[in-house]
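Scroll down for the structure; my scribbles are underneath it.
Chains as they are written, first to last, in my numbering: chain A, 1 to 319; chain B, 1 to 319.
Structure below.
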């Protein structure tokens with residue numbers, strides 16, 4: 001191992017504080033969120049989606065969004081991402097200092113209507129307002145706007161989602177000024193062959209620089225295989241959630257996002273650098289246990305521990 | 001869908017009645033095992049590892065091995081596989097009518113000593129006796145002998161397992177007369193890059209016809225990604241266990257083999273034919289619930305159900 005810090009080949013974006021927490025009954029106290037974010041950053045996670053700027057009446061657990069973004073911004077080197085469903089949320093995220101705002105628009109119109117009560121035309125209008133606001137931010141610290149193309153791989157309401165619909169919405173979002181678009185497997189229904197098709201089409205149509213990363217849920221147990229397929233398609237950025245937090249409203253026992261620590265283990269064992277210290281990452285789970293004792297934590301690696309991992313030498317050296 | 005029966009491209013080998021059950025505290029009653037085997041075959045599973053011929057004092061749940069093989073042989077079209085750790089077990093399996101006997105030999109000598117109390121030389125001697133016995137069976141119904149190369153991807157005792165050791169043991173087994181060898185991820189520690197390396201080396205050294213299939217555990221959450229990697233390496237046969245049965249002695253909450261129904265869903269969604277009716281396969285879980293009410297069943301697809309699968313048309317048509 002070289003002592004010189006290298007830029008890791010792969011970025012794992014911890015989305016647990018947003019996507020993981022927003023669906024849970026428990027509310028993780030603000031102090032625990034801060035400890036988690038600091039501990040994840042200390043473990044080597046360089047990008048965290050820390051919160052969602054939504055009405056506290058709708059998602060009480062996100063009432064501390066402003067405080068959380070401001071805290072996260074004090075951590076050197078951390079890329080702070082916030083979700084905002086509309087221009088009001090984006091304005092708050094920009095004001096708090098988020099480096100990037102992710103705005104979800106569902107490829108399935110039915111899902112978009114159910115999730116954010118907008119048609120596609122209304123969502124594009126909203127995006128235009130967000131872009132105008134982004135362009136008013138100081139150039140030196142101008143935040144990025146990314147569109148999460150929800151239901152890109154299938155929809156719980158509409159069923160199959162045609163790839164042409166993904167491409168059409170992506171084109172509109174980029175033409176409106178979004179910095180990136182990311183296809184999201186919102187309901188965990190993608191399969192690896194489809195993942196490769198979707199990325200090949202997006203890269204072919206818009207170039208790799210315009211496609212943000214990947215977002216898989218593990219609802220049907222396909223998350224890790226889909227992440228591998230995305231990796232093989234050229235993806236280098238992966239959303240994931242500590243302890244697989246998140247769940248699914250349609251599936252009581254199913255896990256949420258793919259599990260950060262299991263994914264990091266896979267990538268590191270494959271010889272790809274994530275910059276993550278697995279022992280420190282696993283220790284972050286204790287913060288969740290302490291702050292949300294009634295929530296079930298998922299993830300396989302944590303059950304086995306690191307002692308028996310194959311590359312024992314590397315893990316030990318990283319400590 | 002054509003009404004003409006086609007040979008499915010991919011074979012999923014249900015190993016739950018052997019690998020899944022052997023580690024559980026509960027004993028699945030013989031009548032339930034028979035119902036499970038019949039129901040799995042009726043769902044389109046064409047190969048089942050139905051039992052292990054080991055002393056009942058060691059694994060009480062396998063005391064009915066002879067009865068189970070004889071029952072399974074009454075199901076038309078079903079390939080009946082039994083595990084046997086030695087010539088005594090193989091003789092019993094041949095006598096009961098097993099089409100194939102799988103004999104485990106660990107690549108890691110330490111694991112082989114711990115698991116079957118033999119050195120490699122002793123295991124090869126034992127294999128020679130099994131091969132002699134196989135060759136005495138009537139030519140028209142001569143069973144196959146497959147070696148499960150346990151710990152091919154890593155060992156809980158020895159740590160990393162060199163690929164050269166896998167190749168060396170495979171060569172000895174094939175030279176001694178084994179029909180096939182299958183690398184097994186006994187402790188669920190493989191990663192996808194390694195899976196591709198191991199299969200490329202085995203195929204390159206011995207030809208694809210001599211390599212039996214694949215055997216992954218999901219101990220570290222890598223099972224589905226490893227199965228995808230194996231598929232891409234050219235593997236067309238996958239061991240899996242209904243409801244991910246099996247567990248791991250070192251990891252109380254970890255699942256066992258990769259989950260048959262989640263794997264079948266992935267392959268079918270990728271457009272690969274497994275011959276399996278997913279609805280009928282999922283229904284097999286009820287037999288386990290009924291026969292082992294205290295055992296936790298894993299698997300993601302069962303939590304969501306089939307109603308929201310993408311290819312609703314195909315699933316409906318298969319009913």
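Note that CB positions come from ideal geometry on N, CA and C, so glycine has one too. In this text the structure is predicted, and so the values were computed from the model without any measurement.
For residue i, the three-state DSSP class (helix, strand or coil)
i                      : result
residue 13 of chain A  : strand
residue 189 of chain B : coil
residue 276 of chain B : coil
residue 236 of chain B : coil
residue 60 of chain A  : helix
residue 137 of chain B : coil
residue 21 of chain B  : coil
residue 244 of chain B : helix
residue 68 of chain B  : helix
residue 226 of chain B : helix
residue 346 of chain A : Residue coverage of chain A in this structure runs from 1 to 319, which leaves residue 346 of chain A outside it and unanswerable.
residue 92 of chain A  : helix
residue 201 of chain B : helix
residue 121 of chain B : helix
Residue range of the unbroken beta strand (DSSP E) whose run includes residue i
i                      : result
residue 144 of chain B : 144-150
residue 103 of chain A : 100-106
residue 49 of chain B  : 47-52
residue 82 of chain B  : 79-83
Test: residue i CB closer than 8 Å to a CB of chain A
i                      : result
residue 224 of chain B : yes
residue 304 of chain B : yes
residue 250 of chain B : For residue 250 of chain B, the pLDDT reaches just 47, beneath the cut-off of 50, and the residue's location in the model is therefore unreliable, although a value from the coordinates is still provided. For residue 250 of chain B, the answer is yes, since a Cβ of chain A falls inside 8 Å of its Cβ.
residue 299 of chain B : yes
residue 229 of chain B : yes
residue 318 of chain B : With a pLDDT of 29 at residue 318 of chain B, under the threshold of 50, the modelled position of this residue cannot be trusted, and the question is left open.
Below-8 Å beta-carbon distance, residue i vs any chain B residue
i                      : result
residue 259 of chain A : yes
residue 186 of chain A : no
residue 243 of chain A : no
Range of the contiguous alpha helix (DSSP H) that encloses residue i
i                      : result
residue 176 of chain B : 163-176
residue 322 of chain A : Here chain A covers residues 1 to 319 and nothing more, so residue 322 of chain A does not appear.
residue 31 of chain A  : 30-42
residue 264 of chain A : 260-269
residue 290 of chain A : 285-291
residue 303 of chain A : 301-304
residue 115 of chain A : 109-116
residue 160 of chain A : Per DSSP, residue 160 of chain A belongs to no alpha helix (DSSP H) and is neither H nor E.
Under 9 Å from the C-beta of residue i: neighbouring residues of chain B
i                      : result
residue 265 of chain A : 191, 220, 221 and 222
residue 262 of chain A : 220, 221 and 222
Per-residue contacts from residue i into chain B (C-beta, under 7 Å)
i                      : result
residue 269 of chain A : 191
Within chain A, partners of residue i - CB distance below 8 Å
i                      : result
residue 149 of chain B : Going along chain A, no residue has its Cβ under 8 Å from residue 149 of chain B, so there is no contact; the nearest lies around 16 Å.
Chain D within 8 Å of residue i, Cβ atoms only
i                     : result
residue 47 of chain A : The question asks about chain D, but that chain is absent: this structure's protein chains are A and B.
Sufficient close CB pairs (3 or more, under 8 Å) joining the region 149-156 of chain B to the region 100-108 of chain B | yes
If we count Cβ pairs, one from each stretch, closer than 8 Å, do we get three or more for the region 277-284 of chain A versus the region 197-204 of chain B?
-> no
Decide if the region 76-86 of chain B is in contact with the region 297-307 of chain B; the criterion is three or more beta carbon pairs, one per stretch, under 8 Å apart.
-> no
When the Cβ atoms of the region 126-143 of chain A are set against those of the region 157-171 of chain A, are three or more pairs found closer than 8 Å?
-> no
Are the region 63-74 of chain A and the region 27-43 of chain A touching by the rule of at least three beta carbon pairs closer than 8 Å?
-> Three or more beta-carbon pairs separated by less than 8 Å link the region 63-74 of chain A to the region 27-43 of chain A, which places the two stretches in contact.
Could you tell me whether the region 15-25 of chain A touches the region 41-59 of chain A, where touching means 3 or more Cβ pairs closer than 8 Å?
-> yes
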